[in-house]
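Peer 1: For reference, the structure I am asking about is given below.
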Amino acid sequence: MLLHNPADLDRTTQRGIRDARSIYQQEGLYDAYIRQQLQELIRLNKQSHPELFGKKPGG
Numbered sequence: 000m001l002l003h004n005p006a007d008l009d010r011t012t013q014r015g016i017r018d019a020r021s022i023y024q025q026e027g028l029y030d031a032y033i034r035q036q037l038q039e040l041i042r043l044n045k046q047s048h049p050e051l052f053g054k055k056p057g058g
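For the record, in the sequence shown the residue sitting at position 46 is 45 according to numbering that gives the first Met the number 0, with numbers rising by one throughout.
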């Protein structure tokens, strides 16, 4: 799937993180370490692609 809209990419990224968390939870593997690593992934995504994670209009 090719995404042209930054908001679509932002939502897709958020969904991917949410899906990963859900899988770890279902497998009984979600713990403080996994949570920290997912948060680090979010931080790196925001750092690498600030144009995708800027404030939303009215936000």
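Each residue gets a CB set at the ideal place from its N, CA and C atoms; glycine is no exception.
Using the C-alpha atoms, what's the distance from R20 back to R10?
Peer 2: Locating residue 10 in the sequence shown gives position 11, where the first residue counts as 1. Locating residue 20 in the sequence shown gives position 21, where the first residue counts as 1. Approximately 15 Å, taken between the alpha carbons.
Peer 1: Distance, Cα to Cα, Y23 vs I41?
Peer 2: On the sequence shown, residue 23 is found 24 positions in, with the first residue counted as 1. On the sequence shown, residue 41 is found 42 positions in, with the first residue counted as 1. Going from the Cα of Y23 to the Cα of I41 covers about 16 Å.
Peer 1: Work out the CA separation of D7 and R34 for me, nearest whole Å.
Peer 2: Residue numbering aside, residue 34 sits at position 35 when the sequence shown is read from its first letter. Residue numbering aside, residue 7 sits at position 8 when the sequence shown is read from its first letter. For R34 and D7, the distance between alpha carbons rounds to 24 Å.
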